[in-house]
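Q: Sharing a structure, written as structure tokens. Questions coming.
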Amino acid sequence: MSKTLETIEQPPVELANRYKGVTPHGTEICISCGKDTGVSVDREISFRAGYIEGCGQLCEGCAQKFS
Numbered sequence: 018m019s020k021t022l023e024t025i026e027q028p029p030v031e032l033a034n035r036y037k038g039v040t041p042h043g044t045e046i047c048i049s050c051g052k053d054t055g056v057s058v059d060r061e062i063s064f065r066a067g068y069i070e071g072c073g074q075l076c077e078g079c080a081q082k083f084s
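Here my numbering = 1-based position in the sequence shown + 17.
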């Protein structure tokens, strides 16, 4: 079985988190632009600004664009 260069160079946890939309610091990544939102993954979604249920977290700029 061959591994891609990306899989070899990055630890499995960091690679998995990137595809979940989470930074190494445990904050959400914007589903629209890919920027760090600064919103902790542990924060309850009912207390989040810019969260779209079923889609994910938007950064402040994208949330303003889409509101």
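Where a beta carbon is used, it is the ideal one built from N, C-alpha and C, also for glycine.
Taking just the CA atoms, how far does residue 39 sit from residue 54?
A: As a first step, residue 54 is located in the sequence shown; it is residue number 37 there, counting from the start. As a first step, residue 39 is located in the sequence shown; it is residue number 22 there, counting from the start. So the two alpha carbons sit approximately 10 Å from each other.
Q: Using three-state DSSP, classify residue 70 as helix, strand or coil.
A: What you label residue 70 is simply residue 53 of the sequence shown in a count that begins at 1. Three-state result, residue 70: coil.
Q: Give the secondary structure of residue 46 by DSSP, where H, G and I count as helix, E and B as strand, and everything else as coil.
A: In the sequence shown, the residue the question calls residue 46 occupies position 29. It is a strand residue.
Q: Strictly by DSSP, which residues pair up with residue 57?
A: What you label residue 57 is simply residue 40 of the sequence shown in a count that begins at 1. According to DSSP, which records beta bridges pairwise, residue 57 is partnered with 44.
Q: May I have the straight-line CA-CA distance separating residue 24 from residue 41, to the nearest angstrom?
A: Counted from its first residue, the sequence shown places residue 24 at position 7. Counted from its first residue, the sequence shown places residue 41 at position 24. In this predicted model, residue 24 has a pLDDT of only 46, less than 50, meaning its place in the structure is not dependable enough to derive any value.
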